[in-house]
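Numbering (the working numbering), first residue to last: 2 to 216.
What follows is a short report on a single structure.
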């Protein structure tokens, strides 16, 4: 079978900063669809507002930043309530499990009949039942255009290795589905389990039969 892949390029106009595709303006929806080609996990970022009331927002823009110091970042829409609450506040990154779809919807503006429970034993309110939870204190805040980038220092964390993550791709929630195995990574020095933060430039070739299977 021959797969046909459509390639195109775009440029940013230096004067207007608008994105151009083939000489024509690319609207925000088109760019959003391109970003949507990147599958991600799903988090709910939680914190307390000035009155101490817990608040959360479903966020897919989450990134690991540093191992030492332990840093991660989340990116929120500048006009959102959560963005205002998060400034200079400790927060939790709740990495949702596959069975927490209702939680993702609840904090994405679709309140569920039964609201999620809260865990207030840490420095910030968190949610129970996550695949993993990161408790963070504020580290830095950056301008991200129509978003704000919040970097947090991880002071505590927990993980449930038995739980698969909830995923988001092309504006739709997904789960991992059937496992395909990690054959393509075996023997490679860039195997995630070997630490791809090392960014090694040396790779161990796969055995011939595995290389053919991975191609």
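Glycine is no exception: its CB is placed at the ideal position from the N, C-alpha and C atoms.
Anyone know if the C-beta pair for residue i and residue j falls short of 8 Å?
i: residue 145; j: residue 72; result: no
i: residue 45; j: residue 53; result: no
i: residue 98; j: residue 165; result: yes
i: residue 151; j: residue 68; result: no
i: residue 48; j: residue 90; result: yes
Can you tell me which of the options puts its alpha carbon nearest to the alpha carbon of residue i?
i: residue 108; options: 83, 178, 87, 132; result: 83
i: residue 92; options: 156, 80, 102; result: 156
i: residue 51; options: 125, 172, 43, 170; result: 125
To which residues of the same chain is residue i closer than 7 Å at the C-beta, ignoring the five residues directly before and after it?
i: residue 106; result: 113
i: residue 104; result: 45, 97, 117, 128
May I have the straight-line CA-CA distance separating residue i from residue j, to the nearest angstrom?
i: residue 27; j: residue 34; result: 11 Å
i: residue 38; j: residue 121; result: 35 Å
i: residue 162; j: residue 132; result: 7 Å
i: residue 111; j: residue 158; result: 28 Å
i: residue 176; j: residue 100; result: 9 Å
i: residue 160; j: residue 74; result: 18 Å
i: residue 77; j: residue 179; result: 32 Å
i: residue 168; j: residue 174; result: 6 Å
i: residue 65; j: residue 81; result: 22 Å
i: residue 149; j: residue 59; result: 15 Å
i: residue 1; j: residue 94; result: Outside the shown range of the chain, which is 2 to 216, sits residue 1, and nothing can be said about it.
i: residue 7; j: residue 31; result: Summary for residue 7: the model assigns pLDDT 49, below 50, so the residue's position carries little reliability; its value from the coordinates is reported in the next sentence. Cα to Cα, residue 7 sits roughly 15 Å from residue 31.
Within a Cβ cutoff of 6 Å, which residues of the same chain sit near residue i, ignoring the five residues on either side of it in sequence?
i: residue 147; result: 79
- Go through the region 31-76 residue by residue and report every complete run of the beta strand (DSSP E) that reaches 3 residues or more, in order. 44-49, 55-60, 63-67
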